[in-house]
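Input: a single structure, listed below in structure tokens.
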Amino acid sequence: MQTQSTPMSVTLKATTPRAALPPLSIPGPRKITRGVLLSERYRLCKPIALGKQAYLWEGVDTADQKAVRVRVFRIPGNRLNQLARMTRILEGLSSAAPSNESYMATFLTAGDIDKRNFLVFAAYGDSLRQIIERADLMPLPINQVKAIAHQVSSGINFLHTQKLIHTNIKPENIVLVDSSTSEITTFANRTFQTRLVLKTPIVRIVDYEHSEFTGVRRQYQVGTCEYRAPEITMGLPWSKPVDIFAMGCVIYELCTGTRLLHRTSDIVERLATIEKAVAPFPRQYVTAILPCDRYFFDGNPQPRVLFPASYHRINSADLRVKNTTVKAKSLQQFLIRCLAPAPADRIGASDAMAHTFIMSATHI
1 MQTQSTPMSV
11 TLKATTPRAA
21 LPPLSIPGPR
31 KITRGVLLSE
41 RYRLCKPIAL
51 GKQAYLWEGV
61 DTADQKAVRV
71 RVFRIPGNRL
81 NQLARMTRIL
91 EGLSSAAPSN
101 ESYMATFLTA
111 GDIDKRNFLV
121 FAAYGDSLRQ
131 IIERADLMPL
141 PINQVKAIAH
151 QVSSGINFLH
161 TQKLIHTNIK
171 PENIVLVDSS
181 TSEITTFANR
191 TFQTRLVLKT
201 PIVRIVDYEH
211 SEFTGVRRQY
221 QVGTCEYRAP
231 EITMGLPWSK
241 PVDIFAMGCV
251 IYELCTGTRL
261 LHRTSDIVER
271 LATIEKAVAP
281 FPRQYVTAIL
291 PCDRYFFDGN
301 PQPRVLFPAS
311 YHRINSADLR
321 VKNTTVKAKS
331 LQQFLIRCLA
341 PAPADRIGAS
351 DAMAHTFIMS
361 ATHI
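Written out as structure tokens, the structure reads:
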């Protein structure tokens, strides 16, 4: 369903403290530390990052000396069932298409050590989060943004055709194959300017081992707050469109360097932020989610989120245009289709791949 064109508006960037690097060893019955050999082949070399669910390590394949990335999960839990499920998903996706077609990180093996599961992938570079935080690289050239949008929408489409929903698309879970940079010199307004750019915008999607299968009614919370679709926030059933909403948030952030939505635990504030940044929730959608709507929306013909009007209501279309940093019409339309408040109004992944914004990319 085509939604009405409404210019995007800018919200302030919410800063969050960086997670500390993991310790050089992980406590357990036997310490998981540098030099440990996994599956009699992959050696841990250096810790890279600490996530909520897993430690990320640099490693090496002792068979061919190629670099690898290893995720060692922090909480043992019901590890054998978890490992079987993750392996089933990873092996199934690997056999369905090579990584250069699926845009998934290349899975190598899985196992457990000291009551902790681990996954091994072919090496990759920095995440988009790390790129966004680099002032010397942002803003990215628009063609590189289009290339990333094409690959992410293609990767999501691949998952959806395999009856999977990623549920946690965000800059941290999109990584560059090669994050090296080079200098280029451009000419405009009778002056030359030298700047750093990525050598290649080729990316892969990671953290897809926790994908959920389609065809099951789900209403629990998934994803990361700043990239979470409104139907998840309201505790409504959700499905594949949640990945499209999250992708829209990522592309907006790549273009502007600013998060579209800030972190909040207040459901009504989150809905008001979406109403301000994207568009009002359509009446037919609000009516369909009874009785939830009376807690979140007023009873006007055009529903508004029950939150202070001065915070989120911009009635003048001209004012919305003046407050936007997204000027290109094709980009505005792409984001509006991705970020539609009602999931049924969002563009599908296959249609996103063919959108004018992506298809208008040109070779230099």
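Note that UniProt numbering numbers the sequence shown so that position 298 is 298, with each residue one more than the last.
Built from N, CA and C at the ideal position, the CB exists for glycine as well.
For glycine 92, does the count of other Cβ atoms within 10 angstroms reach 16, so buried, or fall short, so exposed?
Stepping through the sequence shown from its first residue, residue 92 is reached at position 92. Glycine 92 comes out exposed.
Closer than 7 Å: valine 60 CB and nearest the ligand ADP heavy atom
Within the structure as shown, the ligand ADP is missing, as the structure has no ligands at all.
Between the CA atoms of serine 330 and lysine 52 - distance to the nearest angstrom
On the sequence shown, position 52 is the one that residue 52 refers to. On the sequence shown, position 330 is the one that residue 330 refers to. Between lysine 52 and serine 330, the C-alpha separation is close to 36 Å.
Only counting the same chain, and skipping five residues up and downstream in sequence, which positions put a Cβ closer than 6 Å to that of aspartate 136?
Translated into the one-based positions of the sequence shown, residue 136 becomes position 136. A distance below 6 Å between beta-carbons, with the five flanking residues on each side excluded, links aspartate 136 to the following residues of its chain, in chain order: Leu196.
Can you tell me which of the three DSSP states aspartate 171 falls into?
The count along the sequence shown starts at 1 and reaches residue 171 at position 171. Correcting the residue type first, residue 171 is proline in the shown sequence and not aspartate. DSSP, read as helix, strand or coil, puts proline 171 in helix.
In terms of DSSP beta bridges, what is leucine 50 paired with?
Residue mapping note: residue 50 aligns to position 50 of the sequence shown, counting from 1. BP columns for leucine 50 point to Tyr55.
Does the Cβ of serine 316 have 16 or more other Cβ atoms within 10 Å, making it buried, or fewer, making it exposed?
Reading the sequence shown from its first residue, position 316 is the one you call residue 316. Since pLDDT at serine 316 reaches only 40, below the 50 mark, its modelled position is unreliable, and the value read off the structure follows with that caveat. Serine 316 is exposed by the Cβ-count criterion.
According to DSSP, simplified to helix, strand and coil, what is glutamine 82?
Residue 82 sits at position 82 when you count from the first residue of the sequence shown. Here glutamine 82 sits in helix by DSSP.
Here's a check: name, in chain order, each residue in its chain whose Cβ is nearer than 8 Å to the Cβ of glycine 59, leaving out the five neighbours to either side.
Here the question's residue 59 lines up with position 59 in the sequence shown. If we look at glycine 59 and ignore the five residues flanking it on each side, its Cβ neighbours are Leu38, Tyr42, Arg43, Leu44, Cys45, Ala67, Val68, Arg69, Val70, Val120.
Grab the span of the alpha helix (DSSP H) containing serine 154 for me, first residue to last.
What you label residue 154 is simply residue 154 of the sequence shown in a count that begins at 1. Counting along the chain, the unbroken alpha helix (DSSP H) around serine 154 starts and ends at 142 to 161.
So for proline 7, helix, strand or coil by DSSP?
For this step, residue 7 is matched to residue 7 along the sequence shown. Here the model assigns proline 7 a pLDDT of 45, short of 50, so the residue's position is not dependable, and the following value carries that caveat. Looking at proline 7 - three-state DSSP - the assignment turns out to be coil, as it is neither helix nor strand.
With three or more C-beta pairs closer than 8 Å as the rule, is the region 274 to 287 touching the region 162 to 182?
Flag = no, the region 162 to 182 and the region 274 to 287 do not touch.
Is the Cβ of proline 303 closer than 8 Å to any Cβ of chain B?
The structure shown has no chain B; it contains just one protein chain.
Quick test of your reading: aspartate 32 and aspartate 112, contact by CB under 8 Å. State the CB separation rounded to the nearest angstrom.
The residue labelled residue 32 in the question sits at position 32 within the sequence shown. The residue labelled residue 112 in the question sits at position 112 within the sequence shown. According to the sequence provided, residue 32 is isoleucine. The question's aspartate does not apply to it. The pair is not a contact, with the Cβ atoms about 11 Å apart (cut-off 8 Å).
If you count every other CB in all the chains shown that lies within 10 Å of the CB of threonine 16, and 16 or more means buried, which is it?
For the purposes of this step, residue 16 is taken as the residue at position 16 of the sequence shown. Any reading at threonine 16 is ruled out, since the residue's pLDDT is 46, under 50, leaving its predicted position unreliable.
Check whether the Cβ atoms of valine 203 and valine 152 lie closer than 8 Å to each other.
Indexing the sequence shown from 1 puts residue 203 at position 203. Indexing the sequence shown from 1 puts residue 152 at position 152. Yes, the pair counts as a contact, with Cβ atoms nearer than the cut-off.
Please work out which residues of its chain come closer than 6 Å, Cβ to Cβ, to phenylalanine 158, disregarding the five sequence neighbours upstream and downstream, and give them in chain order.
The count along the sequence shown starts at 1 and reaches residue 158 at position 158. In the same chain as phenylalanine 158, and ignoring 5 residues on each side of it, the C-beta atoms closer than 6 Å to its own belong to Ser102, in chain order.
According to the Cβ coordinates, are alanine 105 and alanine 122 closer than 8 Å?
Taking the first residue of the sequence shown as 1, we reach residue 105 at position 105. Taking the first residue of the sequence shown as 1, we reach residue 122 at position 122. Result yes, Cβ atoms of alanine 105 and alanine 122 sit closer than 8 Å.
Given lysine 240, which residues of its chain have a CB within under 7 Å of its CB, disregarding the five upstream and five downstream residues?
Looking up residue 240 in the sequence shown gives position 240. Around lysine 240: His160, Ile165, Thr214.
Could you check what DSSP says for aspartate 64 in three-state terms: helix, strand or coil?
Here residue 64 refers to the residue found at position 64 when the sequence shown is read from its first residue. Correct three-state label for aspartate 64: coil.
So if DSSP puts isoleucine 89 in a beta bridge, which residue, or which two residues, is it bridged to?
As a first step, residue 89 is located in the sequence shown; it is residue number 89 there, counting from the start. Answer by DSSP bridge pairing: none, since isoleucine 89 is not bridged.
Touch test, the region 228 to 245 against the region 330 to 349, Cβ-Cβ under 8 Å, three pairs minimum
By the C-beta criterion, the region 228 to 245 is judged to be in contact with the region 330 to 349, since at least 3 inter-stretch pairs fall below 8 Å.
Between which two residues does the beta strand (DSSP E) containing leucine 108 stretch?
Here the question's residue 108 lines up with position 108 in the sequence shown. If you look at leucine 108, you'll find it in the beta strand (DSSP E) that goes 107 to 113.
DSSP-derived helix/strand/coil call for alanine 122
Start at 1 with the first residue of the sequence shown, and residue 122 comes out as number 122. Three-state result, alanine 122: strand.
Output yes or no for whether 8 Å exceeds the beta carbon distance between threonine 194 and glutamate 183.
Position 194 of the sequence shown, counting from 1, holds the residue named residue 194. Position 183 of the sequence shown, counting from 1, holds the residue named residue 183. Result yes, Cβ atoms of threonine 194 and glutamate 183 sit closer than 8 Å.
Which value, in whole angstroms, describes the spacing of the CA atoms of alanine 279 and arginine 34?
Residue numbering aside, residue 279 sits at position 279 when the sequence shown is read from its first letter. Residue numbering aside, residue 34 sits at position 34 when the sequence shown is read from its first letter. Alanine 279 and arginine 34 have their C-alpha atoms some 50 Å from each other.
Pairwise C-alpha distance: aspartate 61 and isoleucine 267
For this step, residue 267 is matched to residue 267 along the sequence shown. For this step, residue 61 is matched to residue 61 along the sequence shown. When rounded, the separation of the alpha-carbon atoms in isoleucine 267 and aspartate 61 is 46 Å.
For threonine 264 and isoleucine 146, the rounded distance between their alpha carbons:
Reading the sequence shown from its first residue, position 146 is the one you call residue 146. Reading the sequence shown from its first residue, position 264 is the one you call residue 264. Sequence check: residue 146 is lysine here, not isoleucine. Taking the straight line joining both Cα atoms gives about 29 Å.
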